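Here is the structure we will look at.
In my numbering, the protein residues as written are 177 to 533.
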């Protein structure tokens, strides 16, 4: 079959650490990359701006959150606040005349500084206490953004995003914004792929499994936790800024509330902790599936001539959607990424499935 690995003998470390040792994996990645590059010319403008662009931006943010939860094993219930810090910092920096590309980096650095500063206190505790500490970050940033007019303009204010100038060239329209989101998503994905096979990634995993055992073998757990929070906050800050500049085009306090942090956490859990491809699946499921479920039940009611009320049509898709999440997690608690890996592992040894027993 396609997933055949027989006869692969690694004689060098570089061969063993290659990204995609099986040819079909490289073909699939190349095909997906080609499809993503030609997507503006294949999909409609509505699909590009409504589905693909937010999917790429939110996937970048979920990869950053997965870094601190899936790799380092630390709770984080305030990631939306981190994205809000990067978004508002980038908008104000751009308004003060700082070039757009530098304002993105400044937003990421500000989110990283605040995230690390908060982590110094939060990482003194563990488990549920750490979760409550990150919730304190979320509520604190919600109050600051809402009640400091110099940042957001007030509780009911909307802060318009300035036009996007990349290296002095004005970028406007969904195609330009889509390629910005695609470029950032590729950068974050490549970073995570390299992190997975680096000494830093292995140290984070050892801290996640048992920080006391990691300390015995010389891994400074607190130091690596700070690195995880710093890198994760930087990715979240830049992702929040790109989300505002390319998708929302304006910033409001409600866009980075506690509900968004819960959705981000759900994307990580449904996709799979520590799974890169699972992050893509989790965002697609949580972000895109509810709208598709609404369209499906609306079409089904019209097709079958079912006299369903507006209230039933508004609640039934949510009930089915929630049931699907429970079923998926019951089948595979490690998320959708693990389901993909199970299918791939089966194809690696097909038709000799007895080798997996």
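Glycine included, C-beta positions come from ideal geometry on N, C-alpha and C.
Since we're looking at a predicted model, the values are computed, not measured.
- Taking the C-beta atoms as reference points, residue 295 is found nearer than 9 Å to residue 401.
- Note on geometry: alpha-carbon atoms of residue 409 and residue 319 lie some 19 Å from one another.
- Within 10 angstroms of the beta-carbon of residue 476 lie fewer than 16 other beta-carbons, which makes it exposed.
- Cβ-Cβ distances below 6 Å link residue 461 to 446 in the same chain, with the five nearest sequence neighbours on each side left out; the list follows chain order.
- In the three-state reduction of the DSSP assignment, residue 333 falls in the coil class, being assigned neither a helical nor a strand state.
- DSSP places residue 468 in the uninterrupted alpha helix (DSSP H) bounded by 465–479.
- Cα atoms of residue 223 and residue 230: separation of roughly 10 Å, rounded to the nearest angstrom.
- Sorting 513, 514, 242, 522 by C-alpha distance to the C-alpha of residue 377 places 242 at the top.
- Two segments are said to touch when three or more pairs of C-beta atoms, one from each, lie closer than 8 Å; by this definition the segment 272–292 touches the segment 328–345.
- Residue 436 sits away from residue 267, with the two beta carbons spaced by 9 Å or more.
- If you draw a straight line from the Cα of residue 312 to the Cα of residue 306, it comes to about 10 Å.
- Here the segment 509–516 lies against the segment 446–459, with 3 or more beta-carbon pairs under 8 Å apart.
- By alpha-carbon distance to residue 430, the top candidate from 205, 256, 235, 198 is 256.
- The Cβ atoms of residue 380 and residue 247 lie closer than 9 Å to each other.
- Residues of the same chain with a CB within less than 8 Å of the CB of residue 335, apart from the 5 flanking positions on each side, are 264, 267, 328, 329, 426, 427, 428 in chain order.
- In this structure, DSSP gives residue 299 a state outside helix and strand, which the three-state scheme calls coil.
- Between residue 236 and residue 360, the C-beta gap is smaller than 9 Å, which places the two residues in contact.
- Proximity to residue 496 across 382, 470, 304, 216 peaks at 470, based on C-alpha coordinates.
- For the set 390, 317, 415, 386, the Cα lying nearest the Cα of residue 363 is the one of 415.
- Under the DSSP assignment, residue 305 falls outside any beta strand (DSSP E), being part of the alpha helix (DSSP H) whose first and last residues are 304–323.
- Assigned with DSSP and collapsed to three states, residue 431 falls in helix.
- For residue 340, no alpha helix (DSSP H) run applies; the uninterrupted beta strand (DSSP E) run containing it begins and ends at 340–342, by DSSP.
- If you look at residue 346, you'll find it in the beta strand (DSSP E) that goes 345–347.
- Straight through space, the alpha carbons of residue 422 and residue 219 are spaced by roughly 18 Å.
- Check the Cα spacing between residue 287 and each of 244, 499, 405: the tightest is with 405.
- Taking the Cβ atoms as the reference, residue 259 lies roughly 31 Å from residue 473, outside the contact range of under 8 Å.
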